[in-house]
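Using our numbering, the letters of the sequence shown correspond one by one to residues 4 to 439. Here a beta-carbon is modelled for each residue, glycine too, at the ideal position from N, C-alpha and C. What follows is a single structure, written as structure tokens, with notes after it.
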Amino acid sequence: MRHDRLNAVDRRGFLGLGTLLGLGALAAPSPLMAMLREAADWPTVSKNIHSYVDTRKVAGMMATIGWGTDAPVNLTAGHLSLDPSPEVNADTLWRLYSMTKPITGMAAMMLIGDGKMRLDQPVADFIPEFADMRVLTDPANSLDSVPAKNPVTIRNLLTHTAGLGYSIVTKGPLLQAYLDNGILPGVVSRQPIPGFEGGAEVPSLDEFARRVGGLPLIAEPGTKWSYSIGLDVMGRVIEVASGMDFGRFLQTRIFDPLDMTSTFFQVPESEAHRLATNYAVIGGLLIPIDPGKNSIFLDKPAFPFGGAGLVGSARDYDRFLAMLMGGGTLDGTEVMSRAMVDLGTSNLLPDGVDLTGTWVAGQGFGAGGRVGLGPRAGTYGWAGAAGTVGGIDRQRGLRASGYTQYMPSEVYPFQGAFYEWVYADAAAMAQAKAAA
Numbered sequence: 004m005r006h007d008r009l010n011a012v013d014r015r016g017f018l019g020l021g022t023l024l025g026l027g028a029l030a031a032p033s034p035l036m037a038m039l040r041e042a043a044d045w046p047t048v049s050k051n052i053h054s055y056v057d058t059r060k061v062a063g064m065m066a067t068i069g070w071g072t073d074a075p076v077n078l079t080a081g082h083l084s085l086d087p088s089p090e091v092n093a094d095t096l097w098r099l100y101s102m103t104k105p106i107t108g109m110a111a112m113m114l115i116g117d118g119k120m121r122l123d124q125p126v127a128d129f130i131p132e133f134a135d136m137r138v139l140t141d142p143a144n145s146l147d148s149v150p151a152k153n154p155v156t157i158r159n160l161l162t163h164t165a166g167l168g169y170s171i172v173t174k175g176p177l178l179q180a181y182l183d184n185g186i187l188p189g190v191v192s193r194q195p196i197p198g199f200e201g202g203a204e205v206p207s208l209d210e211f212a213r214r215v216g217g218l219p220l221i222a223e224p225g226t227k228w229s230y231s232i233g234l235d236v237m238g239r240v241i242e243v244a245s246g247m248d249f250g251r252f253l254q255t256r257i258f259d260p261l262d263m264t265s266t267f268f269q270v271p272e273s274e275a276h277r278l279a280t281n282y283a284v285i286g287g288l289l290i291p292i293d294p295g296k297n298s299i300f301l302d303k304p305a306f307p308f309g310g311a312g313l314v315g316s317a318r319d320y321d322r323f324l325a326m327l328m329g330g331g332t333l334d335g336t337e338v339m340s341r342a343m344v345d346l347g348t349s350n351l352l353p354d355g356v357d358l359t360g361t362w363v364a365g366q367g368f369g370a371g372g373r374v375g376l377g378p379r380a381g382t383y384g385w386a387g388a389a390g391t392v393g394g395i396d397r398q399r400g401l402r403a404s405g406y407t408q409y410m411p412s413e414v415y416p417f418q419g420a421f422y423e424w425v426y427a428d429a430a431a432m433a434q435a436k437a438a439a
């Protein structure tokens with residue numbers, strides 16, 4: 004198996020959700036709103052996803068949108084690949100990449116709710132190698148370091164404020180140390196990708212976490228937002244705290260109770276026919292880098308990557324979002340407490356953390372996902388390196404997720420524009436309600 008660095012960063016994240024005006028009327032659905040839901044009246048979303056496919060920017064694209072915990076509307080366009088293949092649908096499998104992070108974050112919140120760990124508990128209580136962390140004095144040029152003043156905490160791992168790096172964004176000598184130690188964020192392709200060097204073989208999750216603890220930090224814990232492998236390390240913390248393999252914990256505590264039957268760290272051979280092909284966009288052309296029927300995700304991963312390892316269907320991810328909309332309960336099954344959903348979707352950033360120049364400047368961050376502040380309050384979610392995006396708006400009672408497969412994700416504005424399309428249609432619904 005080739006463990007290449009992810010060749011895109013999910014920097015578009017959860018941009019713009021809840022920023023449009025005039026949506027307060029959406030907070031309390033009416034009979035008219037129910038009728039509009041049933042009519043699947045999302046013309047702006049539908050028009051744009053078809054435009055992406057018709058102009059061959061992508062092979063396939065879809066959106067899944069729902070009110071509260073009601074059944075969603077699925078809008079689809081295109082096929083699993085540019086080659087003759089089935090049309091995409093709610094059961095198509097997509098590489099979720101960093102949309103894994105909110106799932107791992109909520110798994111951690113469950114254990115906090117269970118009393119198995121605390122939000123501000125030192126990670127060293129679970130991974131002893133984190134007991135004596137050091138901080139780089141000149142990250143761009145040297146591995147020289149000094150003792151850290153603060154411990155790395157659970158809060159820090161969840162919010163990317165631990166001072167950890169990420170091979171997809173980290174520069175300087177620490178990047179090479181990560182590559183030499185196999186501290187990589189996930190997989191992309193069986194083939195080498197020019198410009199994206201690999202590294203040493205990725206170890207097991209417990210060894211991965213120990214190696215991370217043995218390397219210096221790029222910033223003092225709790226002082227700077229730095230996109231990182233924190234949610235991968237959290238996978239090991241969850242194992243220690245729960246006494247259960249991380250993948251098994253997600254399966255028994257989240258996937259099984261929510262009937263998420265199409266969410267995998269390793270796609271079974273029997274389901275390969277549902278996996279969309281992933282493309283690199285080069286010179287305006289789509290170059291297949293991970294064909295669905297021969298995907299690297301059919302191989303067993305080094306470990307379940309809590310930061311970027313999941314493949315799943317729109318149906319499944321929507322059920323995860325619907326559970327959050329339901330305050331931890333869906334279809335009568337309580338998956339987690341409302342208190343932990345409230346906490347995990349709130350701003351958990353440490354006081355005074357420096358967000359200057361980051362993807363979350365002016366915003367908050369919760370358990371593995373961005374949260375909105377001010378007019379964006381109530382929003383929570385994140386995006387993935389291959390073009391997926393998903394989140395909730397608890398204040399307005401709306402959840403939405405978009406799916407396609409291309410890298411790097413910033414080649415097209417899809418992840419940021421998606422919510423603009425959703426809210427344009429939602430605003431039209433609000434106007435129709437007001438005029439009724």
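*With 16 other Cβ atoms within 10 Å as the buried cut-off, status of Ser-207*: exposed
*By a C-beta neighbour count over all protein chains shown, 10 Å radius and 16 as the cutoff for buried, is Gly-387 buried or exposed?*
buried
*Alpha carbon to alpha carbon, how far is Gly-71 from Leu-401?*
6 Å
*Provide the residue(s) that pair with Tyr-100 in DSSP beta bridges, ordered along the chain.*
Leu-313
*Within 10 angstroms of its Cβ, does Arg-251 collect 16 or more other Cβ (buried), or is it exposed?*
exposed
*Counting pairs of beta carbons, one from the stretch 56-76 and one from the stretch 256-270, are three or more of them closer than 8 Å?*
no
*Excluding the 5 residues preceding and the 5 following Ser-349 in the sequence, name in chain order all residues of the same chain whose CB lies nearer than 7 Å to its CB.*
Gly-369 and Val-374
*Could you round the C-beta distance between Gly-315 and Ser-265 to whole angstroms and report it? I think they count as a contact, below 8 Å.*
6 Å
*With a cut-off of 8 Å, do at least 3 Cβ pairs link the stretch 142-150 to the stretch 283-291?*
no
_Check whether the stretch 266-285 and the stretch 335-349 are in contact - that is, three or more C-beta pairs closer than 8 Å._
no
*Pull up the distance between the alpha-carbon of Ala-66 and that of Arg-318, whole angstroms please.*
10 Å
_Minimum C-alpha distance to Asn-51 - residue among Gly-217, Trp-424 and Ser-340_ = Trp-424
*Exposed or buried, Glu-242, counting other C-beta atoms within 10 Å across all chains shown (16 or more means buried)?*
buried
*Contacts around Val-56, its chain only, beta-carbon distance under 7 Å, and the 5 residues preceding and following it disregarded*: Gly-63, Met-64, Ala-80 and Gly-81
*From Ala-431 to Tyr-230, what distance separates their C-alpha atoms?*
36 Å
_Between the CA atoms of Gly-225 and Phe-267 - distance to the nearest angstrom_ = 32 Å
*Close-in-space but distant-in-sequence residues of the same chain around Gly-367 (CB under 8 Å, 5 per side omitted)*: Ser-349, Asn-350, Leu-351, Leu-352, Arg-373, Val-374, Gly-375 and Leu-376
*So Thr-47 is in the alpha helix (DSSP H); what residue range does that whole segment cover?*
46-57
*asked:* Once the 5 residues before and after Gly-3 are set aside, which same chain residues still bring their CB inside 6 Å of it?
replied: Since the displayed the chain opens at 4 and closes at 439, residue 3 lies outside it and no answer follows.
*At which residue ranges does the stretch 222-277 contain complete alpha helix (DSSP H) runs of 4 or more residues, listed in the order of the chain?*
233-245 and 249-253
*How many angstroms separate the CA atom of Arg-399 from the CA atom of Ile-115?*
27 Å
*Any chance you could list the beta strand (DSSP E) runs of at least 3 consecutive residues sitting entirely within the stretch 145-193, in chain order?*
148-150
*Bridge-paired residues (DSSP) for Phe-368*: Arg-373
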